[in-house]
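Since the structure comes first, as structure tokens, the remarks are kept for the end.
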Amino acid sequence: MHPKSDFLNILNERGFIHQATDFEALDVRMAQGPLTAYIGFDATASSFHVGSLVQIMILYWLQQTSNKPLVLLGGGTTKIGDPTGKDESRKLLNDDEIQKNIKSLSRVFERALTFGKGPKEAVLLNNAKWIDTLNYPDFLRDYGIHFTINRMLTFDSVRLRLDREHPMTFLEFNYMILQAYDFLELYKRYECCLQIGGADQWGNIINGVDLVRRVSHKTVFGLTTPLITTTSGAKMGKTSQGAVWLNADLLSPYDYWQFWRNTEDKDVGRFLRLFTILSLKEITKLEKLEGSEINEAKKILADAATAFLHGEEAVQEARTTAQELFENHSLNLEEAVLPTIVLTKEELETGVPLIDLLCRLSLTNSKGEARRLIEGGGARLNDAPLKDKLFNLTIASFESQPILKLSAGKKRHGLIKKR
RNA sequence: GGAGGGAUGGCCGAGCGGUCAAAGGCAGCAGACUGUAAAUCUGCCGACGAACGUCUACGCAGGUUCGAAUCCUGCUCCCUCCA
-1 MHPKSDFLNI
9 LNERGFIHQA
19 TDFEALDVRM
29 AQGPLTAYIG
39 FDATASSFHV
49 GSLVQIMILY
59 WLQQTSNKPL
69 VLLGGGTTKI
79 GDPTGKDESR
89 KLLNDDEIQK
99 NIKSLSRVFE
109 RALTFGKGPK
119 EAVLLNNAKW
129 IDTLNYPDFL
139 RDYGIHFTIN
149 RMLTFDSVRL
159 RLDREHPMTF
169 LEFNYMILQA
179 YDFLELYKRY
189 ECCLQIGGAD
199 QWGNIINGVD
209 LVRRVSHKTV
219 FGLTTPLITT
229 TSGAKMGKTS
239 QGAVWLNADL
249 LSPYDYWQFW
259 RNTEDKDVGR
269 FLRLFTILSL
279 KEITKLEKLE
289 GSEINEAKKI
299 LADAATAFLH
309 GEEAVQEART
319 TAQELFENHS
329 LNLEEAVLPT
339 IVLTKEELET
349 GVPLIDLLCR
359 LSLTNSKGEA
369 RRLIEGGGAR
379 LNDAPLKDKL
389 FNLTIASFES
399 QPILKLSAGK
409 KRHGLIKKR
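So the first sequence is numbered by the working numbering: it starts at -1 and just counts up by one.
Set out below in structure tokens:
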């Protein structure tokens, strides 16, 4: 497969393509000149996590290849709840929560995309704008007529539920119609003729393609990306501390950097292609590294992925801290970007239990967990294992240094300062 | 409307009056080995407490019992069959 258009060529080389409605025709169209494409996102949480990063990268590449990306945040559709891939309906969010989520979600695009009114500038949209004002009977007459139940029942999102004998409400059943309508609306407003989404969105996407053809008699396209898992088959990005969030207030750039640094060997090449904007030439070179040398590639992956999201400055901080922490074992505690707590004089006089410190630094989620960590030998103060679960931190510990490092295991660390 | 089956910890799934904070698996955490990898082995894996322990938890609300995830009643939701 050798696509003629820059965009599809890049996507193809980097492993972004799973399925397309008419790949050849789309390629011809894209080779002719810029086009407008959209990706829709749910507003069910206040931040994206790494699972959505593939789509964000694609928006970036769209813009880099002179196409116009539309970012659609589903203020309207989130109220319905996408049943795709779920066995049970989600609890519904109210308008307030959705509004807040949209605001918080949209920040992620600031660094990846340039927004504006120009031909290749991105536009951020909220489908509540057209969905909230729909009139039920009119909508049914104008668009309901284009959907048959027979066909709707064959879509995975519906069929799997039915097969498993799980209930699907009429509300959820309508989701695909509304997503199809989004595509039509964007076609009319922006001449958007390509929708991209994850592999699970295929059904929703082809419904949109069909609707545009039926209503406007135009051919538009759909393209899906593969579901990204690690080589071990696990879905990417969950830890005991929660999901790998993209917003810095939920996951610090340092932790984000660490996430990529800890990539499995076998995933490095694939992830470099997908989640960084490094040239393929460079990636090919990095992929050839073997044995422990592949760690260099992992660092570059972490740098590049973090830079894309959080900027160069955050990378420097994260990398310096990581290097001192893991390689030189000489952490400059003054400048390290680790979670930090500051203890008052009074606290140090009475003494602060080690267990509390672990919790306050979010190294453990409960006191019991902290206790177990200590018992298991995973707690360290300035790299010295601390097996006394009743240990009390007092001013005495600060005698030789002003800042202490507290660790849970070899990878998670926090700092303790005194006022 | 009638008859029957079901709802268990983040997920899957056993338990069917005491020995149940609930088998087993997955996920997660820590230790060992390594390369901040994988695989493997070991330990941990509801909350609080130094600890005897206390509290919360087997859909919800009551009840029987010395004692209930387990029995009874009502309710909610799901499934199957009949109308």
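All residues carry an ideal CB built from backbone N, CA and C; glycine is no exception.
Nearest residue (CA-CA) to residue 125, options 71, 132, 302 and 325: For the residues 71, 132, 302 and 325, the minimum Cα distance to residue 125 belongs to 71.
Closest to residue 418 by C-alpha separation, out of 263, 78, 219 and 26, would be which residue? This structure cannot settle anything about residue 418, because the visible part of the chain is limited to -1 through 417.
Could you tell me the distance, in whole angstroms, from the CA atom of residue 265 to the CA atom of residue 272? When rounded, the separation of the alpha-carbon atoms in residue 265 and residue 272 is 10 Å.
Three-state secondary structure (DSSP) of residue 242: Note: residue 242 maps to coil in three-state DSSP.
Where residue 335 falls, given that 16 or more other Cβ within 10 Å makes a residue buried: Counting Cβ neighbours within 10 Å, residue 335 comes out buried, since at least 16 surround it.
Could you tell me if residue 130 is buried or exposed, where buried requires 16 or more neighbouring beta carbons within 10 angstroms of its beta carbon? Around the beta carbon of residue 130, a 10 Å sphere encloses fewer than 16 other beta carbons of the protein chains shown; the residue is thus reported as exposed.
Locate the alpha helix (DSSP H) running through residue 9, then write down its first and last residues. For residue 9, the enclosing alpha helix (DSSP H) begins and ends at 4 to 12.
Report yes or no: do the region 326 to 333 and the region 292 to 312 share at least 3 C-beta pairs separated by less than 8 Å? Short answer: they don't touch.
Kindly list the residues whose CB is nearer than 6 Å to the CB of residue 9, restricted to its own chain and excluding five residues on each side of it in sequence; keep chain order. So the qualifying residues of the chain are 15.
For residue 335, which three-state DSSP category applies? Judged by DSSP in its simplified three-state form, residue 335 adopts coil rather than helix or strand.
If you reduce the DSSP assignment to three classes, tell me which class residue 410 lands in. If DSSP states are grouped into helix, strand and coil, residue 410 belongs with the strands.
Which whole-angstrom value describes the C-beta separation of residue 206 and residue 180, a residue pair presumed to lie in contact below a C-beta threshold of 8 Å? 7 Å between Cβ atoms; contact.
Contacting residues, own chain, Cβ-Cβ under 8 Å from residue 144 (five flanking each side not counted): Excluding residues up to 5 positions away in sequence, 208, 209, 212 and 213 lie with their Cβ nearer than 8 Å to the Cβ of residue 144 in the same chain.
In three-state DSSP terms, what is residue 205? Residue 205 falls in the helix class under three-state DSSP.
Could you please give me the residues that DSSP links to residue 134 through a beta bridge? BP columns for residue 134 are empty, so no partner.
Using DSSP's beta-bridge definition, name the partner residues of residue 219. BP columns for residue 219 point to 192.
What are the boundary residues of the beta strand (DSSP E) that residue 38 is part of? That run of the beta strand (DSSP E) goes 34 to 39.
Take residue 476 as the anchor and find which of 97, 404, 294 and 123 has the nearest alpha-carbon. Examination of residue 476 is not possible in this model, given that the chain is present from -1 through 417 alone.
Grab the span of the beta strand (DSSP E) containing residue 67 for me, first residue to last. The continuous beta strand (DSSP E) containing residue 67 extends over residues 66 to 71.
Can you name, in chain order, every residue of its own chain whose Cβ lies under 7 Å from the Cβ of residue 376, other than the five neighbours on each side? Within the same chain, 406 and 407 come within 7 Å of residue 376 by CB-CB distance, once the 5 residues on both sides are set aside.
CB residue 346 to CB residue 379, shorter than 8 Å? Cβ distance not < 8 Å, so residue 346 and residue 379 don't count as in contact.
Just the Cα atoms here: how many angstroms apart are residue 320 and residue 257? Each residue's Cα considered, the two are about 12 Å apart.
Helix, strand or coil for residue 16? Go by DSSP, reduced to three states. Three-state DSSP puts residue 16 in coil, outside helix and strand.
Integer Cβ distance of residue 37 from residue 195, believed to fall under 8 Å: 6 Å between Cβ atoms; contact.
Can you name, in chain order, every residue of its own chain whose Cβ lies under 8 Å from the Cβ of residue 197, other than the five neighbours on each side? Take residue 197, set aside five residues on each side of it, and the residues of its chain with a beta-carbon closer than 8 Å to its own are 16, 17, 222, 223, 224 and 225, in chain order.
Between residue 113 and residue 255, what straight-line distance do the alpha-carbon atoms span, to the nearest angstrom? Cα to Cα, residue 113 sits roughly 26 Å from residue 255.
State the DSSP-derived secondary structure class of residue 48, mapped to helix, strand or coil. Note: residue 48 maps to helix in three-state DSSP.
Residue 42 and residue 76 - do their beta-carbons sit closer together than 8 Å? For residue 76 and residue 42, yes; Cβs fall inside 8 Å.
In whole angstroms, what separates the C-alpha of residue 81 from that of residue 297? Looking at the two C-alpha atoms, the distance is approximately 38 Å.
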